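For the record, the sequence lines run as chains A and B.
If you use the numbering used here, the first sequence corresponds to residues -8 to 217, in order.
If you use the numbering used here, the second sequence corresponds to residues -8 to 217, in order.
The C-beta atom is built at its ideal place from N, Cα and C for all residues, glycine as well.
Please read all numbers here as calculations on a predicted model, not as lab measurements.
Protein chains: 2
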Amino acid sequence: MAEPPFSTLHLELSSTVDRVADELRRALFDGELESGTPLREVALAESLGVSRPTVREALGLLVAEGLATREPNRGVSVATTEAATVHDICRARWVLEGAGVRCWRQADERLRDAVRTSLVSYTGAVRNAATYQELNERHLAFHISLVGLTGSPRLVAMAESLVRELKLALAQVDRIRRNAHDQADTHTQLVMLLERGDVDGASAFLQKHLDDAETSILSALGLVTP
Amino acid sequence: MAEPPFSTLHLELSSTVDRVADELRRALFDGELESGTPLREVALAESLGVSRPTVREALGLLVAEGLATREPNRGVSVATTEAATVHDICRARWVLEGAGVRCWRQADERLRDAVRTSLVSYTGAVRNAATYQELNERHLAFHISLVGLTGSPRLVAMAESLVRELKLALAQVDRIRRNAHDQADTHTQLVMLLERGDVDGASAFLQKHLDDAETSILSALGLVTP
DNA sequence: TCTGTCAGGTTGTCTGACAATCTGGCAATA
DNA sequence: TATTGCCAGATTGTCAGACAACCTGACAGA
């Protein structure tokens, strides 16, 4: 067992561009920027005390993540969420998370454990009446851990991208309307089905849960169209 | 039926950055750049007759697409493909394409037609003994059309991203070794199963096909590890 | 009402520059 | 010999300033 000497050490080095992008993401997820707001390069550069190329590069990152959209010669602005977008995201989530659930049996034990711990992390936050932010974060982390059952980094990355888009959309609704109603029971039930080995039952359960999530998100956003 | 007057017109306006990125992609997919080759900013800028910031931005696009990797203070270089990467991509493809196949019955008729036409486009190219490039392109387009059955733009985009990575990996092997062996029959068989309504059969068939693809890609890349 | 024109603001791109960092080699040291 | 310290060249990360192209809105003229 020749363990490499310093294999546990890891240095996080962050560029200015990354820090700018982080700050912009934070502002977006905190709902400080309304959907559709143009993100002017010079204004941001002055506010953040960096140069325009740096801001420009950070904006490029956000656009690549789908959090903002760039129109030629018109700059980038905060992405707006249509009803069709929400539907698409939820459908895609169903494909990814459903694939994870179907992998439950053949999945590595550590991956199953990751699901369990993310569940208790969520239910614990519910019991402690954590902030909406915290609750939402852990709720979504649980769903990501389901995709993790596939053992595929790429599928997980895709799921995270989808969830980021949802977080941005939900950041648009003001704090009163987004009542993160207690879904701890629902998720515990899902895991119980899995533990029992009832993959098909869990799969159907998840599908219904995601369906409900779609309608609840749509109504929260006021996008219910006849 | 008040058809908007000029709704069919569409003007494609391309920025310099896009053109640079396109040229780089072309070079990558043509195998002109070996895996791991550093993409120096100044050298590219001089070769292409554009400025360094423009090249830099184009490189950012490639990195976002997974075709290149950026290491801090060390620049970006052509992405290298590990065996684990190929495995991951094929697993993710199975999730996405399998989801498409399962949607066959409830899919829109136009989406099913898209699958049929992409199949004949592929088999036609096989009959005409088209170039490897052309064959590969149509083959992958067929698989993308399977994901299209889900009707989800995001899932299709993910599938395209996966396929781009595969194309880059295959571009590394020289032209003699990559013999695109005739798979027209296999794909026709898959569609026949679907037309017959045998979704489960098609699904299992696809899984086997993707499994075979993984081993054949790995051996083509010389990445077969004991 | 429609068109032509103009001013202001913003993006797309270029040039030039500088500090921080990486690489490799070479000397000094234990 | 193996390790360390240090230096020169190369490359990236970031900045400042500039200019053309473009979009927007308003305003005058037909």
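DSSP, reduced to helix, strand and coil, places residue 125(B) within a helical segment of the structure shown. Close partners of residue 86(A) in chain B (Cβ separation under 8 angstroms): 86, 87, 90, 141, 143 and 146. For the options 195(A), 33(A), 92(A) and 121(A), the alpha carbon positioned closest to that of residue 134(A) is the one of 92(A). Between the segment 117 to 136 of chain B and the segment 74 to 82 of chain B there are fewer than three C-beta pairs closer than 8 angstroms, too few to call the two in contact.
Take the alpha-carbon of residue 208(B) and the one of residue 160(B): they are about 9 angstroms apart. At a Cβ-Cβ threshold of 8 angstroms, residue 109(B) and residue 152(B) do not count as neighbours. If you draw a 10 Å sphere on the C-beta of residue 27(A), you find fewer than 16 other C-beta atoms in it, and that means exposed.
Residue pairing of residue 60(B) in beta bridges, as defined by DSSP: 68(B).
Distance from the CA atom of residue 147(A) to the CA atom of residue 140(A), rounded to whole angstroms, is 9 angstroms.
With its beta carbon less than 8 angstroms from one in chain A, residue 55(B) belongs to the interface. Within its own chain, the residues whose Cβ lies closer than 8 angstroms to the Cβ of residue 112(B), once the five positions on either side in sequence are excluded, are 129, 132 and 133, listed in chain order. Taking 8 angstroms as the cut-off between beta carbons, none of the residues of the segment 17 to 36 of chain A comes near chain B. According to the DSSP secondary-structure assignment, residue 29(B) is paired through a beta bridge with 68(B).
About 6 angstroms separates the beta carbon of residue 29(B) from that of residue 66(B), a gap short enough to meet the 8 angstroms contact definition.
Of all residues in the segment 72 to 86 of chain B, those with a C-beta nearer than 8 angstroms to a C-beta of chain A are 79, 80, 82, 83 and 86, reading in chain order. About 5 angstroms separates the Cβ atoms of residue 32(A) and residue 46(A), confirming a contact at the 8 angstroms cut-off.
In this structure, the straight-line span from the alpha carbon of residue 18(A) to that of residue 102(B) is close to 39 angstroms. Under the DSSP assignment, residue 94(A) falls outside any alpha helix (DSSP H); it carries neither an H nor an E label. Membership of residue 141(B) in any alpha helix (DSSP H) is not indicated, and neither H nor E is assigned to it by DSSP.
Below the 8 angstroms Cβ cutoff, chain A contributes no neighbours of residue 188(B), its closest Cβ being approximately 21 angstroms away. If you draw a straight line from the Cα of residue 195(B) to the Cα of residue 124(B), it is about 28 angstroms long. Residue environment analysis places residue 215(B) among the exposed positions, since fewer than 16 neighbouring C-beta atoms fall within 10 angstroms of its C-beta. Within chain A, the residues placing a beta-carbon under 7 angstroms from that of residue 6(B) are 63, ordered along the chain.
In the three-state reduction of the DSSP assignment, residue 5(A) falls in the coil class.
Counting along the chain, no alpha helix (DSSP H) covers residue 42(A), and no H or E run does either. Assigned with DSSP and collapsed to three states, residue 174(A) falls in coil, not helix or strand.
For the set 99(B), 16(B), 6(B) and 106(B), the Cα lying nearest the Cα of residue 70(B) is the one of 16(B).
Residue 85(B) is not a Cβ neighbour of residue 185(B), given a cutoff of 8 angstroms. Only those residues of the segment 113 to 126 of chain B whose C-beta falls short of 9 angstroms from the nearest C-beta of chain A would be listed, and there are none. Bounds of the alpha helix (DSSP H) holding residue 192(A) are 190 to 212. Taking the Cβ atoms as the reference, residue 22(A) lies roughly 4 angstroms from residue 162(A), within the contact range of under 8 angstroms.
The closest CA to that of residue 154(A), considering only 62(A), 127(A), 44(A) and 98(A), is found on 127(A).
Around residue 68(B), the same chain offers 27, 28, 29, 30, 59 and 60 as residues with beta carbons nearer than 7 angstroms, after the five sequence neighbours per side are excluded.
For residue 192(B), there are no C-beta contacts with chain A under 8 angstroms, since the nearest C-beta of that chain is about 18 angstroms from it.
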